[in-house]
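The next block holds one structure in the form of structure tokens; read it before the comments.
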Amino acid sequence: MQPNTSPIYTESHRVLPKGMVWILLIASLVVLEIPLLAPWESWTLQEIRPNGGAVAFMALVWWFALGARIRLRLDAAGLRYQFWFLPAKKVSWQALKGWYVREVVTVEEFGGWGVLRSSKRGWGYVSTAAWGLQLVFADGRRVLISTQEPEALRRWLEAQAPPLSEFEIRLLARGQKV
């Protein structure tokens with residue numbers, strides 16, 4: 193059996209902004225009722241009353257915040273994208289009408305980060321990245337996948353993906369039928 197030697201593009205990046213760690217840290221201290229203003233030498237078990245449920249909840253929030261990633265893999269057969277713990281989605285190039293790399297304002301377009309649905313823009317696998325790979329399926333559905341390396345992705349698509357004309361790309365970007 194021949195190994196697959198076709199060029200592959202892969203990308204994996206975190207979903208939440210880096211500053212969110214500070215917000216989570218402060219929220220954790222508040223939820224766990226750790227006295228922030230008292231010197232730590234004076235803390236007693238009575239002052240720190242961690243509730244088992246609160247500890248479990250904050251551990252789950254931290255696990256989600258630090259583990260949430262978007263993965264993207266493109267090869268000659270098609271592409272595969274995945275949000276962290278959800279099953280990966282596989283799409284062949286033939287199932288798509290088109291694709292293009294575009295700028296994204298995630299909070300404005302999708303309302304946040306993660307796997308989100310917009311009535312106008314379809315599904316979004318979005319992070320804090322300012323760019324995304326817009327997929328347009330043959331049946332009209334749309335999926336946007338955030339990318340932190342738009343130029344590398346654009347170069348790979350131009351060199352390796354089945355060709356689209358500039359006219360088709362412009363029509364797809366405007367939401368018109370091809």
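Residue 193 is where the sequence shown starts when you use the numbering used here, and the numbers rise one by one after that.
In this text, a Cβ means the ideal position worked out from N, Cα and C, and glycines have one as well.
Whole-angstrom distance between residue j and residue i, CA atom to CA atom
{"i": "Glu341", "j": "Ala257", "result": "22 angstroms"}
{"i": "Trp291", "j": "Val222", "result": "45 angstroms"}
{"i": "Ile323", "j": "Val213", "result": "Residue identity check: residue 323 is Trp in the sequence provided, not Ile. If I take the Cα positions, the gap works out to 22 angstroms."}
{"i": "Val335", "j": "Glu233", "result": "53 angstroms"}
{"i": "Glu360", "j": "Val207", "result": "30 angstroms"}
{"i": "Ser310", "j": "Gly211", "result": "25 angstroms"}
{"i": "Arg362", "j": "Pro209", "result": "31 angstroms"}
{"i": "Phe302", "j": "Met250", "result": "25 angstroms"}
{"i": "Asp331", "j": "His205", "result": "29 angstroms"}
{"i": "Ala365", "j": "Leu252", "result": "38 angstroms"}
{"i": "Ile218", "j": "Val299", "result": "23 angstroms"}
{"i": "Ala246", "j": "Arg347", "result": "47 angstroms"}
Which listed residue (the options) has its alpha carbon closest to that of residue i
{"i": "Ala351", "options": "Lys282, Phe302, Ala268, Val283", "result": "Ala268"}
{"i": "Ser220", "options": "Pro199, His205, Ala248, Ile200", "result": "Ala248"}
{"i": "Ser319", "options": "Ser357, Gly304, Arg366", "result": "Gly304"}
{"i": "Trp285", "options": "Val293, Arg294, Arg272", "result": "Arg272"}
{"i": "Gly259", "options": "Gly306, Leu288, Ala246", "result": "Gly306"}
{"i": "Glu203", "options": "Leu252, Glu343, Ser310", "result": "Glu343"}
{"i": "Leu325", "options": "Leu349, Lys312, Leu308, Gly332", "result": "Leu349"}
{"i": "Leu327", "options": "Trp276, Leu356, Ala246", "result": "Leu356"}
{"i": "Ala287", "options": "Lys281, Leu252, Phe329", "result": "Phe329"}
{"i": "Phe275", "options": "Ala353, Lys312, Arg263", "result": "Arg263"}
{"i": "Arg432", "options": "Lys312, Phe302, Arg366", "result": "Outside the shown range of the chain, which is 193 to 370, sits residue 432, and nothing can be said about it."}
{"i": "Ala280", "options": "Leu252, Ala365, Ile337", "result": "Ile337"}
Opening and closing residue of the alpha helix (DSSP H) in which residue i lies
{"i": "Ile262", "result": "From DSSP, Ile262 is part of no alpha helix (DSSP H) but of the beta strand (DSSP E) over 261-267."}
{"i": "Phe302", "result": "298-302"}
{"i": "Trp214", "result": "212-223"}
Sub-8 angstroms separation of residue i and residue j beta-carbons
{"i": "Leu345", "j": "Val293", "result": "yes"}
{"i": "Ile157", "j": "Arg265", "result": "Residue 157 falls outside the range modelled here, since the chain spans only 193 to 370, and no answer is possible."}
{"i": "Leu308", "j": "Gly316", "result": "yes"}
{"i": "Trp254", "j": "Leu216", "result": "yes"}
{"i": "Lys289", "j": "Gly270", "result": "no"}
{"i": "Thr339", "j": "Ala321", "result": "yes"}
Start and end residues, beta strand (DSSP E) containing residue i
{"i": "Gly277", "result": "The question names Gly, but residue 277 is Phe in the sequence shown. Where Phe277 is concerned, there is no enclosing beta strand (DSSP E), given that its DSSP letter is neither H nor E."}
{"i": "Ser284", "result": "281-284"}
{"i": "Ser204", "result": "201-206"}
- Task: Starting from the N-terminal side, write out each stretch of the alpha helix (DSSP H) that is 4 residues or longer and does not extend beyond the region 304-354.
- Result: Segments of the alpha helix (DSSP H) lying fully in the region 304-354: 342-352.
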